[in-house]
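Counting from 1, one number per residue, gives the positions in the sequence shown under the numbering used here.
Heads up: the structure comes next, in structure tokens.
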Amino acid sequence: MPEWTKTSNYIDGVRRAGSGPEVPVVDPSTGDVIWTYRADTPDTVDSAIGAAARAFPEWSRATPAERSAVLHALAAELGAVAEDLAQAETAQTGKPIRLSREFDVPGSIDNVSFFAGAARHLEGRAAGEYSGYHTSMIRREPIGVVGSIAPWNYPLQMAVWKVMPAIAAGNTIVLKAAENTPITTLMLAEACARAGVPAGVVNMVNGTGPVTGEALVTSPKISMTSFTGSTAVGRRIAGLAARNGTRLHLELGGKAPFVVFDDADLDAAVRGAAAAALINTGQDCTAATRAYVHHTLFDDFVAGVAALMRRLRLGAPAERGTDQGPLVSFQQRDRVAAMVARALRDGAQAVTGARAPGGELVAGAYYEPTLLVGADQRSEIVQDEVFGPVLVALPFDTDDEAIRLANDVPFGLAASAWTRDVYRAQAAARSLAAGTVWINDHIPIISEMPHGGMKASGYGKDMSAYSFDEYTQIKHVMSDITGAAAKPWHSTVHLSVEDPAE
Ligand code: NAD
């Protein structure tokens, strides 16, 4: 790793080392420790929050054009180190280099570019004389210091999704990456410094959730917590934030259904399901996890997906020919394996996968692409997030049944419907309880459009102009336009007082 990464944090424009316990960063394809840093302790977190608070007055008053220029410069800086970012992302997560190069890094840069433009489009509704004798206007203002916590599945993208709308809107931020994937977040901090993001506007701390993370979210000096991660941790954070009444934005877990109606293009659905279930080794909050397939197509769908899954090349993440790398950690691999084992014990059958590969891959946290059938709708494997390369296929008979089963989980982040019938597609789009519904596709995201959940998947939006609703607050300014000392409404209070103007 480059020399500069020997520091765990970035505060007030300066890189420093933490003073807490050592945290190893492990390459999950080999088990090798590729970097060790010392975690940031609560007093370091507090100093980061202090730096963000000091930077807030000037940054919040910078013009949209000034903020936009800095973000454009940041996009250029990230573009200049795109290959380094891709290599580092792959090293710390085990994701295939093709995914880092073609999705994580360009997607992150595009998001920065989007917010460079969006920073100049913060708009409100029309001003007007709603009372007849005042002009009312809306000010959209930044909130203050945002405390943000990101997960390990797309470390750079998740950091960008948190930081960009916050600072484009004039807030300042302290972000904690997941403890096992801090490297590209620190590289983002470096790029902020080179791009001229003023000191204190973006600050990064690193360490574990219970210590470093909780120091951030429980601080009374932050005005908002923005969290992406599991539903369990999100709910804990919501409880902690409630103590201070801190504003919250929660992007939590998912369990996306993939509904294949009887008129669907089967080839498209098969290819789509294998890709959407296995992207990022299934460690994607919107990954297809439950395929509900009309019974007339079920056997062919299962055979097609299984054939594609068996053809995937598992291997070293840095090799261009690798389709699937290891999971992010041995702990995550073992968690996935245990869930699949319980599903098999409870009556599901494995069509393919359901095991860790042998040979030279035993040194890494690998798990074979897995297709299960025969699971019960109420079972853990259908109801809970697996976050691994596992797809469960279940047959259905009627459209209503498919939608009911698709919605019959606690989560509501994403869903897809596969059909050639426009009426069916629109009916599914309306009925599926999810923050994103794809028709005849599953996974693509775009900076202009919002991403966020319903139900146990959280609330609030990342990406797009909708994210400004999270990171700004509305102020109503009401100005008298009559100049009269005695207002009509005064009569409700002091009828007996003579109008001093008379
Ligand atoms: P996680 O909840 O275990 O950890 C997420 C972050 O929270 C990490 O930085 C961790 O250190 C921190 N954390 C843990 N305990 C904490 C605490 N008590 N206080 C403060 N911070 C704490 O999630 P993960 O395993 O890193 O990521 C996978 C999860 O993220 C999955 O559930 C996935 O669905 C979800 N996710 C959701 C979205 C979305 O947009 N909805 C996107 C990506 C990932």
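Glycine included, C-beta positions come from ideal geometry on N, C-alpha and C.
Values in this document were obtained by computation on a predicted structure and should not be read as measured data.
Asked                                                                                                                                                      : Found
Just how far apart, CA to CA, sit N407 and G282?                                                                                                           : 20 Å
Take the Cβ of W438 as the centre, count every other Cβ of all protein chains shown within 10 Å, and call the residue buried at 16 or more, exposed below. : buried
Fully enclosed by the segment 385-468, which beta strand (DSSP E) runs are 3 residues long or longer?                                                      : 390-396, 414-418 and 436-439
If the criterion is Cβ atoms closer than 7 Å, does the pair R140 and G124 meet it?                                                                         : yes
Give the single residue among P257, F396 and R235 whose Cα lies nearest to the Cα of E251.                                                                 : R235
In three-state DSSP terms, what is T231?                                                                                                                   : helix
So the alpha helix (DSSP H) Y176 belongs to, where does it begin and stop?                                                                                 : In the sequence under discussion, the amino acid at residue 176 is Lys, which differs from the Tyr named in the question. Not the alpha helix (DSSP H): K176 falls in the beta strand (DSSP E), residues T172 to K176.
Is the beta carbon of R120 sitting closer than 7 Å to the one on S68?                                                                                      : yes
Quick one: using the 10 Å Cβ neighbour count with 16 as the cut-off for buried, is L495 buried or exposed?                                                 : exposed
Going by the C-beta, is R247 closer than 6 Å to any heavy atom of the ligand NAD?                                                                          : no
What's the C-alpha gap between S148 and S226?                                                                                                              : 5 Å
Counting only runs of 4+ residues fully inside the segment 243-276, write out the alpha helix (DSSP H) ranges in chain order.                              : none
Measuring from the CB of E179, is there a heavy atom of the ligand NAD at a distance below 6 Å?                                                            : yes
Helix, strand or coil: which one does DSSP assign to K475?                                                                                                 : strand
Compute the distance between the beta-carbons of I474 and S431, then report whether it is under 7 Å.                                                       : no
May I have the straight-line CA-CA distance separating M463 from L371, to the nearest angstrom?                                                            : 32 Å
Within the continuous alpha helix (DSSP H) that includes R194, where are the two ends?                                                                     : I183 to A195
So if DSSP puts Y292 in a beta bridge, which residue, or which two residues, is it bridged to?                                                             : V259 and L394
Determine the DSSP secondary structure at G79, reduced to helix, strand or coil.                                                                           : helix
Closest to I11 by CA distance: which of G374, R101, L188 and P106 is it?                                                                                   : L188
Can you tell me whether DSSP reads D87 as helix, strand or coil?                                                                                           : The sequence given here places Gln at residue 87; Asp does not occur at that position. Three-state result, Q87: helix.
Using 8 Å as the Cβ pair cut-off and three pairs as the minimum, do the segment 201-215 and the segment 168-177 touch?                                     : yes
Near G272, which residues of its chain fall below 6 Å by C-beta distance, leaving aside the five closest residues on each side in sequence?                : H442
Does any heavy atom of the ligand NAD sit closer than 6 Å to the C-beta of G388?                                                                           : no
Tell me the DSSP bridge mates of A350?                                                                                                                     : L372
In angstroms with no decimal places, state the Cα-to-Cα distance between V145 and G209.                                                                    : 19 Å
Is it the case that the CB of T285 approaches a heavy atom of the ligand NAD more closely than 6 Å?                                                        : Note that residue 285 is Cys in the sequence shown, not Thr. Yes, Cβ of C285 sits closer than 6 Å to a heavy atom of the ligand NAD.
For the alpha helix (DSSP H) holding N111, just list the boundary residues, first then last.                                                               : V105 to A118
When burial is assigned at 16 or more other CB atoms within 10 Å of the CB, is A338 buried or exposed?                                                     : exposed
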